[in-house]
Every structure is written in C-alpha cells, then in structure tokens.
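The structure appears below as structure tokens.
Number of protein chains: 2
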Amino acid sequence: METTREPLRADMFGHSDCAAGVQPFRFGDKWSGRVLRCLEQGPRRFSELRIPLHTVTPKVLTETLRAMERKGFVSRTAYDENPPRVEYRLTALGRSAIEPMNAACAWTAEHLPELLAAREGAGGAEGP
Amino acid sequence: METTREPLRADMFGHSDCAAGVQPFRFGDKWSGRVLRCLEQGPRRFSELRIPLHTVTPKVLTETLRAMERKGFVSRTAYDENPPRVEYRLTALGRSAIEPMNAACAWTAEHLPELLAAREGAGGAEGP
DNA sequence: CTGCATCCGATCCGATACTG
DNA sequence: CAGTATCGGATCGGATGCAG
C-alpha cells in the first residue's frame, strides 16, 4: 500500500523469493486513517472533523481530504449556502477499507504491551 | 500504529466521536513491510535481503532493519566468522504481524482496479 | 465556515563513496 | 560481507496569516 508510484503491482511471476505479491495498500500519511475512522460514523463537515482530530491544522486536514478524494476513499459535497457547508463521506471503497483497518487495530490492541515496551527501550528515559 | 510519539494509545474514554480507540500500528516507512514479507520465509542475511528488495540501498536497508529491531519485529544475530555473517529473523511479534498484513494485502488485491484507476486520474496522462 | 498561501523544520530515502 | 559516512532532493506536516 503505497502512495508513491511503484507499488500496488499485482505481481504474479514467482520470484524465487519474497517481495512478490501485492504490497498492502497504506496511506503514507499521519491523518488518513483517523479520518477514515471519523467518517465511518457518517458524513461529517470540515469543522466537525477538526474536533476529534483536535491537533490537525486546517491546511493539513485539507490536504489529507483532497488526497483521500483523489484516491477514491471519500467524496466531497459542497452546498451552496452561506456560511458555506461542505460534507465529506466515505465512498464504497472507503467503507470497504474499514475491515482491514479493524484487523490491524485488533492486532495492535492485542500486542500493545510489546509495542509500548519497544518505545521505552528506544526513547531513552532511564532514571530520574 | 504510529512511529511518532503520540499514537498507540489505548483510549478507553468514549469521546463522543471517532478518533478514539487504538490507532492501527503502521511502519511509517517504505521498506519494513517488504522486509517482513522476506523474513516470513525464514532467516535471511543482509545481502540476501538486498536481492528481492533490489532497489534498496544498503544505508536504507540498515536503517530499516535497525528500526524494526528496535520495535521488536526482527532479531539480529552476528556470527563471528570471516567474512562476516549476520542473520535477521522475525521475532514472535514480527510473525504475528503477518496476519493483519495478509488481510491488508487481500483487501488491496480485491480492490486493485479502483486503486489503480485513482492513480491514473491523478497522474495526469490524458490523451496520446 | 472552509479553506489557500507561505514559511520552515523534520523525515525519508536515493546516490555515491569508503571501511573493518 | 555487512555495513558507515556524507550529500541532496522530495515530502510531510506544523505555525501563522489571509480570503471568499
């Protein structure tokens, strides 16, 4: 799952070794996964998304949303009102992506202890 | 599933909206997923990994491996021989991560058409 | 309200060259 | 063989300010 140009190939030639096969799709960025989670519960406006994603700046949220739109995960609907209103919602593709994300979340939850332990070892805090 | 410092929290407070719950773990980088695939088939030496991952440079492969080691996904064994030999293998955590990755791969394969279509729309090639 | 423009530091990652 | 050192381009993403 890459955002760059090469991956996503559906290799079928059996290279004697690994690295053949589809690379799993991934949003290469920080916020797309969370946006997917938010939109899972229904259409949301720009400012509604900013609340649960409370540290995202509007610029980055816009970029994220635009990218997800390009990739076909969300659709954008602007209503011609004043003040302006824009709604984002998941496409069928976006909704379908929730399942594998749930699998990843389940795995993560299950292995949280190990995952967190690794971070302490690296982070470097040792004694007071 | 983040590499940065904040995610991986196991939120349990029910924020009224999304963005609560574990964020799925993810390697934030280009090569870790592929390395996981390669090591799935058994221990591999540094130079053996470079073959299927044929475009990776030694510097980047080293960084990737070191990061995966820190995170607890692979273990490194150096044999005191000449010429030197080093083997990398998956830890139990690393092996367990294959399952959700397979789920992601299956989803990707299933939706390849849509995923590829989005890339053309963006890439910009239009007419001959 | 929903953005876009600009600046700027942090990462990522490829190329190239060198070492124990 | 298994790396390390250095450089530079590309991207990410936060801060701030302005606009329709």
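Each protein sequence line maps, in turn, to chains Y and C.
Sequential numbering from 200 applies to the first sequence in the numbering used here.
Sequential numbering from 200 applies to the second sequence in the numbering used here.
The beta carbon of each residue, even a glycine, is placed where N, CA and C say it ideally should be.
Please read all numbers here as calculations on a predicted model, not as lab measurements.
Please check the pair residue i and residue j, which I expect to be a contact at CB under 8 angstroms, by giving their CB distance rounded to whole angstroms.
| i | j | result |
| --- | --- | --- |
| residue 222 of chain Y | residue 233 of chain C | 7 angstroms |
| residue 313 of chain Y | residue 271 of chain C | 6 angstroms |
| residue 235 of chain C | residue 248 of chain C | At roughly 11 angstroms, the Cβ-Cβ gap does not stay under 8 angstroms, so residue 235 of chain C and residue 248 of chain C are not in contact. |
| residue 306 of chain Y | residue 298 of chain C | 7 angstroms |
| residue 238 of chain Y | residue 285 of chain Y | About 13 angstroms; that fails the 8 angstroms criterion. |
| residue 303 of chain C | residue 226 of chain Y | Rounded, the Cβ-Cβ distance is 11 angstroms, inconsistent with contact. |
Does any residue of chain Y bring its CB to less than 7 angstroms from the CB of residue i?
| i | result |
| --- | --- |
| residue 313 of chain C | yes |
| residue 241 of chain C | no |
| residue 263 of chain C | no |
| residue 245 of chain C | no |
| residue 289 of chain C | no |
| residue 306 of chain C | yes |
| residue 213 of chain C | In this prediction, residue 213 of chain C scores a pLDDT of 33, lower than 50, which makes its location untrustworthy; the coordinate-derived value is nonetheless stated afterwards. Closer than 7 angstroms: no. |
Residue i to residue j, Cα distance in whole Å?
| i | j | result |
| --- | --- | --- |
| residue 255 of chain C | residue 263 of chain C | 10 angstroms |
| residue 309 of chain C | residue 316 of chain C | 13 angstroms |
| residue 282 of chain C | residue 301 of chain C | 36 angstroms |
| residue 252 of chain C | residue 275 of chain Y | 38 angstroms |
| residue 279 of chain C | residue 258 of chain C | 22 angstroms |
| residue 277 of chain Y | residue 220 of chain Y | 39 angstroms |
| residue 269 of chain C | residue 228 of chain Y | 21 angstroms |
| residue 250 of chain Y | residue 250 of chain C | 46 angstroms |
| residue 191 of chain Y | residue 246 of chain C | Nothing can be reported for residue 191 of chain Y, as the shown portion of chain Y is limited to 200 through 327. |
| residue 265 of chain C | residue 265 of chain Y | 34 angstroms |
Using a Cβ cut-off of 7 angstroms (strictly closer), state whether residue i contacts chain C.
| i | result |
| --- | --- |
| residue 285 of chain Y | no |
| residue 266 of chain Y | no |
| residue 282 of chain Y | no |
| residue 256 of chain Y | no |
| residue 260 of chain Y | no |
| residue 271 of chain Y | yes |
| residue 275 of chain Y | no |
Select from the options the residue whose C-alpha is nearest the C-alpha of residue i.
| i | options | result |
| --- | --- | --- |
| residue 267 of chain C | C:278, C:279 and C:296 | C:296 |
Using only the heavy atoms of the ligand SAH, determine whether one of them is closer than 6 angstroms to the beta carbon of residue i.
| i | result |
| --- | --- |
| residue 258 of chain C | As far as ligands go, the structure on display features none, and thus does not contain the ligand SAH. |
Counting Cβ pairs, one atom from each stretch, are 3 or more of them under 8 angstroms apart for the stretch 286-302 of chain C and the stretch 242-249 of chain C?
Output reads yes: the stretch 242-249 of chain C touches the stretch 286-302 of chain C.
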